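FYI, in numbering that gives the first Met the number 0 the residues of the sequence shown are 0 to 89. To start, the structure under review is shown below, and the notes come after it.
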Amino acid sequence: MRLDVLLKSLCLVKSRNIARKGCDGGFIKVNGRSVKPSRDVRVGDVIQIAYPEKILVVEIIEIPRGQVSKKDRFDYYRVKREERRELPFE
C-alpha cells in the first residue's frame, strides 16, 4: 500500500495531501530515510512522523485493506516512540 494512503487509512494524517506535503518537506521518513508518498509500505517498516507538537515513530504490524476506524488503528501499528516537541516562541 502507498505510504500516503496508509497514513490516511490509519488516521495518522487527516488527508493524503497532508501526507504528500509531509513527505515532500522531509517530515515523514520510512526506515530513517526521506521518501516519496508513493512508496510502498510493508510489514515491519518503521515510520517517523514529525508533527508540529510531537514526533511519532510507529512500526507497521499489518497492512489494512481500507480505511480503519480510530478505535481499531492500533491493530495495524505499534508505537515505538513518542516525543513532545518544544515550539519556539516567536
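Note that CB positions come from ideal geometry on N, CA and C, so glycine has one too. Here the structure is a predicted model, which means the values were calculated and not measured.
Quick one, are the C-beta atoms of residue 74 and residue 59 less than 9 Å apart? As a first step, residue 74 must be located in the sequence shown, where it is residue number 75. As a first step, residue 59 must be located in the sequence shown, where it is residue number 60. Contact flag unset, no.
Going by the beta-carbon positions, is the gap between residue 15 and residue 3 smaller than 9 Å? Along the sequence shown, one-based indexing puts residue 15 at 16. Along the sequence shown, one-based indexing puts residue 3 at 4. Cβ distance < 9 Å, so residue 15 and residue 3 count as in contact.
Looking only at its own chain, which residues have a Cβ that is under 8 Å from the Cβ of residue 67, when we skip the five neighbours before and after it? The sequence position of residue 67 within the sequence shown is 68, counting from 1. For residue 67, where only same-chain residues beyond five positions count, the Cβ hits under 8 Å are 8, 9, 10, 74, 75.
If you follow the beta strand (DSSP E) that residue 46 is in, where does it begin and where does it stop? Here residue 46 refers to the residue found at position 47 when the sequence shown is read from its first residue. That run of the beta strand (DSSP E) goes 45-49.
Tell whether a beta-carbon distance below 9 Å holds between residue 62 and residue 42. On the sequence shown, residue 62 is found 63 positions in, with the first residue counted as 1. On the sequence shown, residue 42 is found 43 positions in, with the first residue counted as 1. Result yes, Cβ atoms of residue 62 and residue 42 sit closer than 9 Å.
Exposed or buried, which one is residue 31 when buried takes at least 16 other CB atoms within 10 Å? Position 32 of the sequence shown holds residue 31. Looking at its Cβ environment, which holds fewer than 16 other Cβ atoms inside 10 Å, residue 31 is exposed.
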